[in-house]
Each structure stands twice: as C-alpha cells, then as structure tokens.
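When you read off a place in the sequence shown, starting at 1, and then add 27, the result is the number in our numbering.
Here a beta-carbon is modelled for each residue, glycine too, at the ideal position from N, C-alpha and C.
For clarity, every value in this text was computed on a predicted model and none was experimentally measured.
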Amino acid sequence: ERKVIAAYVSDKDGNKVESGSFVTLELEVDPRISLGATIAFNGRVNVRVDSLYTITQLKPLSCGNTTLENMIFDELDYNKTLLADEFVTGASVYEGISLSYAAYEPEANGKKRPLLIWLHGGGEGGTDPIIAVSGNKVVNLISDKIQSYFEGCYVLGPQCPTMWMDDGTEKYTTDGRTIYVEPLKALIDEYIGAHDDIDRDRIYIGGCSNGGFMTMKMIIAYPRMFAAAYPICEALEDRFITQDDINNIKNIPIWFIHAENDPIVKIEPHPDATYHRLISAGAPNVHYTRLKSVIDKTGNYRNEDGTPYEYNGHFSWIPALNDECDLDFNNEAVIHKGKKVSLFEWISLQ
Numbered sequence: 028e029r030k031v032i033a034a035y036v037s038d039k040d041g042n043k044v045e046s047g048s049f050v051t052l053e054l055e056v057d058p059r060i061s062l063g064a065t066i067a068f069n070g071r072v073n074v075r076v077d078s079l080y081t082i083t084q085l086k087p088l089s090c091g092n093t094t095l096e097n098m099i100f101d102e103l104d105y106n107k108t109l110l111a112d113e114f115v116t117g118a119s120v121y122e123g124i125s126l127s128y129a130a131y132e133p134e135a136n137g138k139k140r141p142l143l144i145w146l147h148g149g150g151e152g153g154t155d156p157i158i159a160v161s162g163n164k165v166v167n168l169i170s171d172k173i174q175s176y177f178e179g180c181y182v183l184g185p186q187c188p189t190m191w192m193d194d195g196t197e198k199y200t201t202d203g204r205t206i207y208v209e210p211l212k213a214l215i216d217e218y219i220g221a222h223d224d225i226d227r228d229r230i231y232i233g234g235c236s237n238g239g240f241m242t243m244k245m246i247i248a249y250p251r252m253f254a255a256a257y258p259i260c261e262a263l264e265d266r267f268i269t270q271d272d273i274n275n276i277k278n279i280p281i282w283f284i285h286a287e288n289d290p291i292v293k294i295e296p297h298p299d300a301t302y303h304r305l306i307s308a309g310a311p312n313v314h315y316t317r318l319k320s321v322i323d324k325t326g327n328y329r330n331e332d333g334t335p336y337e338y339n340g341h342f343s344w345i346p347a348l349n350d351e352c353d354l355d356f357n358n359e360a361v362i363h364k365g366k367k368v369s370l371f372e373w374i375s376l377q
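#1: Drop a sphere of 10 angstroms on the beta-carbon of Phe49, count the other beta-carbons inside from all chains shown, and report buried for 16 or more, exposed for fewer.
#2: Should Tyr446 be labelled buried (16 or more other beta-carbon atoms within 10 Å of its own) or exposed?
#3: By the three-class DSSP mapping on this structure, what secondary structure does Arg71 have?
#4: Which residue's Cα is closest to the Cα of Asn106: Phe253, Tyr80, Asn312, Asn275?
#5: Look at Gln84 and Ala255 and say whether their C-beta atoms are less than 7 Å apart.
#6: So, at 7 Å on beta carbons, what are the nonlocal neighbours of Pro250 in its own chain, with the 5 sequence-adjacent residues on each side left out?
#7: Assuming contact is defined by CB atoms lying nearer than 7 Å, are Pro296 and Asp265 in contact in what I supplied?
#8: I need the DSSP call for Leu305, collapsed to helix, strand or coil.
#9: Between which residues of its own chain and Ile82 is the CB-CB distance below 6 Å, once the five residues before and five after are set aside?
#10: Compare the beta carbon distance of Val165 and Trp145 with 7 Å and say whether it is the shorter of the two.
#11: With H, G and I counted as helix, E and B as strand and the rest as coil, what does DSSP make of His363?
#12: With Tyr181 and Leu142 assumed to form a contact (beta carbons below 8 Å), what rounded beta-carbon distance in angstroms separates them?
#13: Which complete beta strand (DSSP E) runs does the stretch 253–319 hold, if anything under 3 residues is left out?
#14: What do you reckon, is the C-beta of Asn275 under 6 Å from a heavy atom of the ligand MN?
#15: How close, in whole Å, do the beta carbons of Phe371 and Asp353 come, if the pair is a contact with beta carbons under 8 Å?
#16: What are the partner residues of Cys180, as DSSP defines its beta bridges?
#17: Buried or exposed for Gln186, going by 16 or more other Cβ atoms inside 10 Å?
#18: Ordered along the chain, which non-local residues of its own chain (more than five positions away) have a Cβ less than 6 Å from that of Thr189?
#19: Contact between the stretch 205–225 and the stretch 121–141 is defined here as three or more beta-carbon pairs at a separation below 8 Å; is this criterion met?
#20: Kindly indicate the opening and closing residues of the beta strand (DSSP E) around Val56.
#21: Return the chain-ordered list of same chain residues with a C-beta closer than 8 Å to the C-beta of Cys90, the five sequence neighbours on each side being excluded.
#22: Does the Cβ-Cβ distance between His285 and Ser343 come in under 7 Å?
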C-alpha cells in the first residue's frame, strides 16, 4: 500500500479547486520507498515500470442528497509525467553506431539560444531516451529556475545503447577508450544543424559517472567546441589523461562535483588528481565542489532521529541537478564578477 498524504477536489491537471469533477490524491514519496517508482533498475539498466493502482473508498462520502460508498477505481486512462513529457525524441547513426536522444526545445523568441547537454550514467543506457533524462532529475534543467539563468535554453540528452565507457566489447574500458566519441560528436552536430537558433558559442556539456567520463573525453577530443563543462562523479581515471590533454583543456571553464565517500568512483584518482593538474597548468576558470557526503537538503527526507537523509556517496548528481552546488575546493563560495553563483548560474555566464 502507498500512503495518501493529501486528497482534494481539483481540475483535470491536479490544481486544487472549490468544486469540480476530479479528485487528486497526493502519495508519499521517499528515496527509501521503491513502490510507485515509474523507473526501476533491472540489474543492468533502468527501465520504465507500468504501475497498476486500485483505489478503494473506505468511508461513506456525502454528496448533496446522495451518499457515495464502497467505490473502487482500478482502471487506468493514461499516465502523465511532469516535465519529461515536454521532451521530444530522435536518433542519429554514425558508421553503424546508433545513438538516441531526448531534447527540450524552448519557445522561439527570435534570439540565439544556448545548448545544455546532459550525458547519462551507466544505468540509463539503452534505446529509450526518455530514461536518459528521467532516470535522474535531469528534467530539472527545464524548470523555470534553471531556464531563467539562460533566458531559455535547449537541453539535449543523448543516449548510447550500452554505456559511454564501452571500449567496443560492450564491457567497461580498462584503458580510457570509448567507441562513442565520434558518434556523439556527429549527433550533437546534427542537432545543432537542425536548429538555426542554437548559439554555437554557448554549447555546454556535462553528465554523471559514465556521463562524466564522456564529458571529459569530449572536451579532450574537441576542446574548442564547448563553452563550459560540468563533470559530476566523473569516471575517467587521471592516468589516462596526458599532459597535452591537460594543456588543451585548461582554458575551458570546468566545474567538477564529487563526494569524498563515493564508493563507486573513487575521488582521488579521478577529479582530485585532474583538478590539481589543471590548477598547476594555470587553468584560470576551474572549480571543484568536493562534497563530504550527499545529504538531502530539501528537508523532505529525514531519519528517525530527525537528521537529514544521506544518499549513496556516488549520487552527487542529486545536489548538482538540484542546483545546490555553490562552493569551491576551498569550501568558499564560487564568485563571478563579485556575485556568488550556483553551478547552473555559473554555466549560463560562460
């Protein structure tokens, strides 16, 4: 059973009204409760889940001169996924390798718009690109708050059929190679070419874990293409990055995000090492939010003792996508032109 936390008369979109012919039920959600999730991990990747609900009336309800009782609702008309439904999907093929994508297109206003690219983690590969933008809270990139930083921006979520760290054997790379660099570049080029109002000087790229790995591979391969990068819990080992690579990317604005207690991608041989090499090379605009752990900051999820819920240390994409990251490596605020800025506000200014 799922816990009902609120019930009220509403319009068809769930907005509360004084009278109407719809009833909205708000159900409890919690990172510790999997029941009701629309996406689930099948042991390899995340897949969509069809939910079947039975709503049973337990107490009589007076409605004018009529008493309603013993009603059961168990037929589903349709599902609506907020924000994710605003993405369109497509695909690109390069030398036999097919990549799909989900994309958000802002309303045209006669101005050039930036493009914000998100590269998914290892669990969001496959052929259903909506998974690539809804397996984690990527849909927040089209929220009013983040869109306002950019005055409206395109959001592109490419999806590979396996994982970005695939070296061609459908297994994780052991030497930093991936088969997807050129196919991903082709997809991005095709998408930009199909949208004349995308500002080619404001292409931003980032992603988490596998997607952080791919972010690093893309800026290394095409250092002049991207206006900024935001690798999160990135999985490209520093030993696979040459000094020439460091010199080529040192002038790209980059903001790393990683948790010290990440059990999947160890912090020291990944962003720690690469960040310090970039700083030593004279990188003028590189930031690094080095989290102690990943703690819920919404106030919605707490432990029995009242302390905030703590996520797996690998999940540093949660504060990143919530736009909660605003501290640098020295634990001081990131400042741009005298103003404290958060991750996506900073990206919009590059």
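The structure says:
#1: exposed
#2: In the structure as shown, the chain starts at 28 and stops at 377, and residue 446 therefore has no counterpart that could be examined.
#3: coil
#4: Tyr80
#5: no
#6: Asn275, Ile276, Ile279
#7: yes
#8: helix
#9: Phe100
#10: yes
#11: strand
#12: 5 Å
#13: 255–259, 281–286, 313–318
#14: Summarising the ligand content, the structure contains no ligands, and the ligand MN is consequently not present.
#15: About 10 Å separates the two Cβ atoms, so there is no contact after all.
#16: According to DSSP, Cys180 bridges with nothing at all.
#17: buried
#18: Gly152, Glu197
#19: yes
#20: Element bounds for Val56: n/a, residue is neither H nor E.
#21: none
#22: yes
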